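Engineer: Residue numbering for the sequence shown is 385 to 650, as defined by the working numbering. Quick one: this structure, given as structure tokens, is what I'll be asking you about.
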Amino acid sequence: MTESTLMVLPDVQSSTDRRNIPIQKVGVKGIRTPILVKSQSGAQHTVAHVEMYVALPADKKGTHMSRFWTLLGSVEKPFAPVMLKEVISQMLESLKADEGYIRLCFPFFMEKKAPVSELESTMDYDVELVAETLNGQTTVFQKVTAPVTSLCPCSKEISKYGAHNQRSHVSISAEVQTNFPIEKQIEMIESSASCQVWGLLKRSDEKFVTEHAYENPKFVEDLVRDVAIRCQDEPSILSFTVEAENFESIHNHSAFASIAFNKDNE
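Following this line, the structure appears as structure tokens:
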């Protein structure tokens, strides 16, 4: 096929659509690709699930799907909130769109030392980076989910010995304008729980974890409130949603709580 032949191929996506119905999101999802993520110790390699969309005007037939992949493949810097704002700006320019949405979900890894033996093991945390441009404004959210231990205050109070505890998943979805360390969000969650969790523990560590949790009982309501206080005290966080789910050890259901807060409404 000659270059002159390529020049005359019809661009169907850019043709006019007479149904006059705008589309709020059109693009690609289900992409799984290796990426770099910004961390306090440098760039971290991980694998992300990616969604990328733009808004399509009512008179346009379609968008150029290949341009999403082209843009994603050209990214060489580690992903972080500020960098994601740059990427969505480039996406809107490339697709000639006014509104758009990008979401990346990926595991983030940290080396942790056990509390007594100081044995090192790797912990993984679920992270989402989301950028959305609407009405000329771009917002970026960084969501971190961390596993922790919660011990029931009621069980401790009414029992002669012991108290039931469970593993909990606590998340902070924070609207930020600057690069806010993922590690900092993890610390905000873990320090608010009855106790942290680790990948590897010796007997001395297990004794510490058991006793520390017993001395720091937390309802699911306590978890979200304590984390929310930490978020309110962080000037880099503009708004946030804190969620906690306790995978109950004495019930066949979970306990759940959520707090949403916008500092502009104070």
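In this text, a Cβ means the ideal position worked out from N, Cα and C, and glycines have one as well. Predicted, not measured: the structure shown is a model, and the values here were computed from it.
What are the partner residues of V532, as DSSP defines its beta bridges?
Structural biologist: Per DSSP, S552.
Engineer: Three or more C-beta pairs closer than 8 Å, one from the region 492 to 500 and one from the region 578 to 598: is that the case here?
Structural biologist: yes
Engineer: Do V554 and V581 count as a contact pair if the criterion is CB distance below 7 Å?
Structural biologist: no
Engineer: For the region 536 to 545 against the region 435 to 443, are there 3 or more C-beta pairs whose distance is under 8 Å?
Structural biologist: The answer is no - the region 435 to 443 does not touch the region 536 to 545, with fewer than three Cβ pairs under 8 Å.
Engineer: Is the CB-CB distance between E435 and K413 below 7 Å?
Structural biologist: yes
Engineer: Using three-state DSSP, classify R609 as helix, strand or coil.
Structural biologist: helix
Engineer: Kindly indicate which three-state DSSP category F640 falls into: helix, strand or coil?
Structural biologist: strand
Engineer: Please say whether V611 and I566 have beta carbons closer to each other than 7 Å?
Structural biologist: Not closer than 7 Å, so no.
Engineer: Buried or exposed for R614, please, with buried defined as at least 16 other CB atoms from any protein chain shown within 10 angstroms of its CB.
Structural biologist: A residue is called buried when at least 16 other Cβ atoms come within 10 angstroms of its Cβ; R614 meets this threshold and is buried.
Engineer: From T529 to V459, what does the alpha carbon distance come to, in whole angstroms?
Structural biologist: 25 Å
Engineer: If we call anything under 7 Å between Cβ atoms a contact, is V560 one with P619?
Structural biologist: no
Engineer: Beta-carbon within less than 6 Å of Q428's beta-carbon, same chain only, minus the 5 sequence neighbours each way: which residues are those?
Structural biologist: V421
Engineer: In its own chain, which residues sit with a C-beta less than 7 Å from the C-beta of F525, not counting the 5 before and 5 after it?
Structural biologist: V514, S557, A558, E559
Engineer: If you draw a straight line from the C-alpha of F645 to the C-alpha of S623, how long is it?
Structural biologist: 6 Å
Engineer: Might you give, ordered along the chain, the residues of its own chain that have their beta carbon closer than 8 Å to the beta carbon of P491, omitting 5 neighbours on each side?
Structural biologist: Apart from sequence neighbours up to five positions away, the residues of its chain that approach P491 with a beta-carbon distance below 8 Å are T430, V431, D508, Y509, D510, V511, ordered along the chain.
Engineer: Mind checking which residues open and close the alpha helix (DSSP H) that includes E629?
Structural biologist: Segment 621 to 631 is the beta strand (DSSP E) holding E629; no alpha helix (DSSP H) there.
Engineer: Just the C-alpha distance for I573 and G520, rounded to the nearest angstrom, thanks.
Structural biologist: 33 Å
Engineer: Between which two residues does the alpha helix (DSSP H) carrying R587 extend?
Structural biologist: Counting along the chain, the unbroken alpha helix (DSSP H) around R587 starts and ends at 587 to 598.
Engineer: Can a CB atom of chain B be found closer than 7 Å to the CB of N630?
Structural biologist: Among the chains in the structure shown there is no chain B, since it carries only a single protein chain.
Engineer: Count the other CB atoms within 10 Å of the CB of S534; is the residue buried (16 or more) or exposed (fewer)?
Structural biologist: Buried, because 16 or more other Cβ atoms sit within 10 Å of the Cβ of S534.
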